[in-house]
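Step one of this worksheet: look at the structure below.
Protein chains: 2
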Amino acid sequence: MYKLKCITCGSIYDPEPNMYTCPKCGERYGTLEVIFNYDLINVKKSDFDKHGDISQFSKILPIAEYKVKQVVGNTPTYEFKNYYGIKKVFFKYDGTNPTGSYKDRASAIAISKAYEYGYDTIYCASTGNAASSLAGLSAPTDLKTYIFVPKNIPIAKLAQLHVFGANIILIDGNYDQAFDISTKVGKKLNWYSRNSAINPYLLEGKKTGAMELVVQLDFNVPDIVFVSAGDGTVISSIYKGFYDFYNLNLIQKIPKIIGIQAEGADAIAKTFSYGKPYTPVDIIPNTIADSISVGKPRDVIKACKYVEKSGGTFLTVNDEEIKTAIFELAKNTGIFAEPAGAAAYAGFKKAISMNLLKKEDTVAIFITGNGLKDIKAVQDNIKINPIPPVFEKIIEYINEVRK
Amino acid sequence: MYKLKCITCGSIYDPEPNMYTCPKCGERYGTLEVIFNYDLINVKKSDFDKHGDISQFSKILPIAEYKVKQVVGNTPTYEFKNYYGIKKVFFKYDGTNPTGSYKDRASAIAISKAYEYGYDTIYCASTGNAASSLAGLSAPTDLKTYIFVPKNIPIAKLAQLHVFGANIILIDGNYDQAFDISTKVGKKLNWYSRNSAINPYLLEGKKTGAMELVVQLDFNVPDIVFVSAGDGTVISSIYKGFYDFYNLNLIQKIPKIIGIQAEGADAIAKTFSYGKPYTPVDIIPNTIADSISVGKPRDVIKACKYVEKSGGTFLTVNDEEIKTAIFELAKNTGIFAEPAGAAAYAGFKKAISMNLLKKEDTVAIFITGNGLKDIKAVQDNIKINPIPPVFEKIIEYINEVRK
């Protein structure tokens, strides 16, 4: 039903347990796409349920059997009308996933594949969310889990790994170093890889976010989608979700996809801006948005190609804009996002300031992680003095606040 | 369709905006029950949806209109068979609610009532979860929000209040002091109260957890339910959910309800153990489970009466047992619970050790809060040294781990 196709040279391969990237083009240029024979997939709109989890997309997923205990997906979409003058703005909030981030969509597929291929151990390198996701979803399974994380991982995400009982390998280095060494070790020990981009099936899990949005919107497709980008897999997956649905005749268009990167981790935006042929530009990352703090993005080629095909582009936002976005998003919508999630919202605001949006547009913003996963960016702002429980003192304080 | 009835003297009142507790019995003994005329409520099993949010219970809720933007409820229930030798164990996990706890069920009703009664300001005192819940759900509304919290509130919960833009009154004292002073201030300023027990409608919101469980279990009722208790409102609400469904002929029995308290905050368990007439025994609370760290429980009378009616009892667990429970629960089920949530699981294990459960029982355990809300209890345990990203060193480390 599906094959694997190199994003660079176009070679086509049959799926095999050890087939991660194109042997001819290497790990960086040779990431693989899962290509379906759409004629063999028989789905119609009424097969899908607005309240279904991602297992409802199994017919369009490259897995033999969906093998995850927790409910992944079925995350809420909130609509705001005339928001900043834009007709309809939808917030797709993935912070309610089992471990609090979009990455659960990918881990669910990685676990299903590990079982399909008969592996007993699964590993990943991660800035934190993929890690806690893999640890959480594999906890109730009998897979052994090894997680490579950079030592600057936010404490809440480390706590998740710890309680879920994963074997944690804390790397004295950054995400990019953790990634490279994990791949070497994983190959050597014949573990199944849940590494972004290297494993082509992760993107397939992530694409369910776009599909779910479409189902929730009664198969109406927004004009423009905002999503933050680190490694480039999530943003590529959003395109792929719409693309599959388009090819299955379930929708009539693919939205423009706007990728948002942190100014201090703008490797994909740079690569995109230099034009074709896309040649990865690596940087040393520095941003409060840890989930997209990537210097050497693994899915950069795919991200650039897909965003180009969608007619979209990349924008960058600085850390101050991300912090402001966290507060404004929370106050206006009730969604508390982690920095990388709020970055997409900051990008939406930037697009408005650049007059990139039209009044009559419908926009969707993917908020990819729960703010509770990384409170560093907001906790420094909290400066509140305790007040004794004395009536007069409190009334006095309230009168001050009201001024 | 409904009236208010004093839990102690049985006086019946018509609902009014300022009617919080029985004027004759006072705030402690005079908490009110919402009593329905079940003949006027026309519901059948097929009205309910396994994937519905709490608005699906509107016909059995004392509100004119449901007024909340976010999706509250529709939280997952996970089944484990032959768990610790018990036939079926269900975990009802409320950490996926908008602000990560069970309390969102109550805040949704409080906000709906504030609108119904025309208030412009709403307040609460809280150990943290009710606070962040009220702040989060009221964020996208035009209600002003004042939150009284003790200064030992976990930082993540304080961060939530902060980003949601609530007015925070940090009390230099404990929860009980914050509660008492908030009620005085709220009355004086004519704000709507979202204080546990004082406002009888909060329990009605919370009862949806039990109802949702029943719907998800195809109207099969577990034999025994475990839930942690602080103020006593959640546990009372669980009983009320089953009770309403029982009286509406949707279920044929009410389960035994086992309340779990921390050893250091066992005021309700003590009150219950001394027998009738239930006379509140207050204590000075001391437990890592901040959400149930209550010395002067406000719904103690109701909690004792309802648990008694259900044929259940109260058990206590110590902080070590709670910590152990967090890890074991996460590893076995993939659910990362905050300490108060894990306390219910610790209680389940205690009940097993006391031979209170039978092999053929079906058991439901309410996990009332997300572990990301309070990582203090687990982060101290994390002792991992960073390793340089060097192949040999990492292989060496893994060989150590595998031993």
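For the protein sequence lines, the chains are S and V, in the order given.
Using UniProt numbering, read the first sequence as starting at 1 and increasing by one per residue.
Using UniProt numbering, read the second sequence as starting at 1 and increasing by one per residue.
Note that the Cβ used here is the ideal one computed from N, Cα and C, for glycine as well.
Cβ-based burial, residue i [other Cβ within 10 Å; buried from 16]
i             : result
residue 452/V : Lying outside 1 to 403, the shown extent of chain V, residue 452/V is not represented and no answer is given.
residue 40/S  : exposed
residue 370/V : buried
residue 196/V : buried
residue 211/S : buried
residue 93/V  : buried
residue 22/S  : buried
residue 117/V : exposed
residue 174/V : buried
residue 391/V : exposed
residue 304/V : buried
Residue range of the unbroken alpha helix (DSSP H) whose run includes residue i
i             : result
residue 177/S : 175–189
residue 304/S : 300–310
residue 261/V : First-last for residue 261/V: 256–262, but that is the beta strand (DSSP E), not the alpha helix (DSSP H).
residue 233/S : 233–247
residue 362/S : Not the alpha helix (DSSP H): residue 362/S falls in the beta strand (DSSP E), residues 362–367.
residue 116/V : 104–116
residue 135/V : 129–138
residue 391/S : 391–402
residue 353/V : 339–353
Nearest-angstrom Cα separation, counted from residue j out to residue i
i             : j             : result
residue 55/S  : residue 63/S  : 10 angstroms
residue 179/S : residue 120/V : 52 angstroms
residue 245/V : residue 239/V : 10 angstroms
residue 159/S : residue 149/S : 12 angstroms
residue 363/V : residue 128/V : 28 angstroms
residue 123/V : residue 394/S : 13 angstroms
residue 76/S  : residue 354/S : 29 angstroms
residue 137/V : residue 68/V  : 7 angstroms
residue 253/S : residue 200/V : 50 angstroms
residue 34/V  : residue 154/S : 44 angstroms
residue 265/S : residue 275/S : 18 angstroms
residue 18/V  : residue 142/V : 21 angstroms
residue 203/V : residue 302/V : 11 angstroms
residue 291/S : residue 377/V : 24 angstroms
residue 135/V : residue 115/S : 42 angstroms
residue 79/V  : residue 164/S : 18 angstroms
residue 383/S : residue 397/S : 15 angstroms
residue 310/V : residue 257/V : 6 angstroms
residue 24/S  : residue 287/V : 60 angstroms
residue 269/S : residue 289/S : 16 angstroms
residue 339/V : residue 133/V : 17 angstroms
Short Cβ contact (8 angstroms threshold) for residue i with residue j
i             : j             : result
residue 374/S : residue 297/S : no
residue 306/S : residue 198/S : no
residue 90/V  : residue 222/V : yes
residue 282/S : residue 31/S  : no
residue 250/V : residue 45/V  : yes
residue 255/S : residue 227/S : no
residue 156/S : residue 331/V : no
residue 372/S : residue 241/V : no
residue 95/V  : residue 208/V : no
residue 295/V : residue 285/V : yes
Same chain, Cβ closer than 7 angstroms to residue i, neighbours up to 5 away in sequence not counted
i             : result
residue 342/S : 322, 325, 326 and 329
residue 317/S : 260, 262, 263, 343, 346, 347 and 350
residue 247/S : 38
residue 108/V : 54, 68, 72, 137 and 205
Cutoff 8 angstroms; reference residue i; Cβ partners in own chain excluding five residues on either side
i             : result
residue 273/S : 314
residue 443/S : The question about residue 443/S has no answer, for chain S in this structure spans 1 to 403.
residue 49/S  : 56 and 215
residue 71/V  : 53 and 98
residue 183/S : 27, 125, 193, 195 and 198
residue 388/V : none
Close-in-space but distant-in-sequence residues of the same chain around residue i (CB under 6 angstroms, 5 per side omitted)
i             : result
residue 66/S  : 55, 58 and 112
residue 206/S : 105, 106, 234 and 237
residue 12/V  : 3 and 5
residue 83/V  : 89
residue 366/S : 92, 227 and 344
Residue range of the beta strand (DSSP E) that includes residue i
i             : result
residue 169/S : 167–171
residue 82/V  : 77–83
residue 279/S : Careful: residue 279/S lies outside any beta strand (DSSP E) and carries neither H nor E.
residue 125/V : 121–125
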